[in-house]
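Enquirer:
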Amino acid sequence: MDPLDGMGRTRDASGRYENGCKGIALMKNDVAYLTKLLDQTAEKPWTEKLRTMFASDSFMEKADNPQSCIVSFALNQANRRLKYTQTIGKETFGIDELIAVLSTLDQRKELEFFSIENSKYLGTCYIADERMLGCECVLKTGTVSKPGLWIDGKQIN
Numbered sequence: 133m134d135p136l137d138g139m140g141r142t143r144d145a146s147g148r149y150e151n152g153c154k155g156i157a158l159m160k161n162d163v164a165y166l167t168k169l170l171d172q173t174a175e176k177p178w179t180e181k182l183r184t185m186f187a188s189d190s191f192m193e194k195a196d197n198p199q200s201c202i203v204s205f206a207l208n209q210a211n212r213r214l215k216y217t218q219t220i221g222k223e224t225f226g227i228d229e230l231i232a233v234l235s236t237l238d239q240r241k242e243l244e245f246f247s248i249e250n251s252k253y254l255g256t257c258y259i260a261d262e263r264m265l266g267c268e269c270v271l272k273t274g275t276v277s278k279p280g281l282w283i284d285g286k287q288i289n
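According to this note's numbering, the sequence shown is numbered sequentially starting from 133.
1. So which of 218, 200, 273, 255 has the shortest CA-CA distance to residue 242?
2. Give the single residue among 283, 198, 264, 255 whose Cα lies nearest to the Cα of residue 271.
3. In whole angstroms, what separates the C-alpha of residue 269 from that of residue 282?
4. Tell me whether residue 281 sits in a helix, a strand or coil according to DSSP, three-state version.
5. Quick one: using the 10 Å Cβ neighbour count with 16 as the cut-off for buried, is residue 153 buried or exposed?
6. Using the rule of at least 16 other Cβ atoms within 10 Å of the residue's Cβ for burial, across every protein chain shown, is residue 284 buried or exposed?
7. Drop a sphere of 10 angstroms on the beta-carbon of residue 210, count the other beta-carbons inside from all chains shown, and report buried for 16 or more, exposed for fewer.
8. Quick one: measure Cβ to Cβ for residue 190 and residue 251, integer angstroms, because I've assumed they're closer than 8 Å.
9. Please name the residue in 226, 228, 221, 260 whose C-alpha comes closest to that of residue 237.
10. Leaving out five residues on either side along the sequence, give the residues of the same chain with a beta carbon under 7 Å from the beta carbon of residue 179.
11. Using beta-carbon positions only, say whether residue 181 and residue 245 come within less than 8 Å of one another.
Okay, here's the thing in structure tokens:
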């Protein structure tokens with residue numbers, strides 16, 4: 133029995149439970165699992181950026197990883213994110229390539245996805261059949277927090 137599991141399930145070499153699910157106790161293995169899948173992916177500009185993201189000191193894994201969705205949901209989300217980021221001029225990587233891959237799949241196929249971030253980017257990696265399909269990552273930018281109440285650039289006392 134796996135002492136982290138407590139349910140009598142065993143893990144394979146990738147850290148996944150025999151039924152294909154990952155337990156919360158394995159959250160810290162997400163980056164190892166994602167890196168393993170990335171190593172099996174053909175080199176492309178987005179793979180190198182994603183590899184750099186995984187290796188960064190600020191890389192964070194989300195507690196609710198992995199989650200699942202169907203291809204049509206992931207494709208719609210990627211298209212919305214691409215349109216929005218192009219409209220506001222945000223830097224991204226992987227979105228165009230992910231859309232191209234998802235467009236070729238059965239829209240009802242179930243995918244696994246991992247929400248990821250580091251100090252520079254936040255994004256999502258999509259997995260199907262133990263293969264990394266791609267990612268959609270966006271440069272973090274936005275507001276700056278200031279103490280107090282500010283209206284039209286002026287602090288209200």
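Cβ atoms here follow ideal geometry from the backbone N, Cα and C, with glycine treated the same way.
Expert: This is what the structure gives:
1. 200
2. 255
3. 31 Å
4. strand
5. Reliability fails at residue 153, whose pLDDT of 42 lies under 50, so the model's placement of it is uncertain and the value that follows must be treated cautiously. Counting Cβ neighbours within 10 Å, residue 153 comes out exposed, since fewer than 16 surround it.
6. exposed
7. buried
8. 4 Å
9. 260
10. 170, 173
11. no
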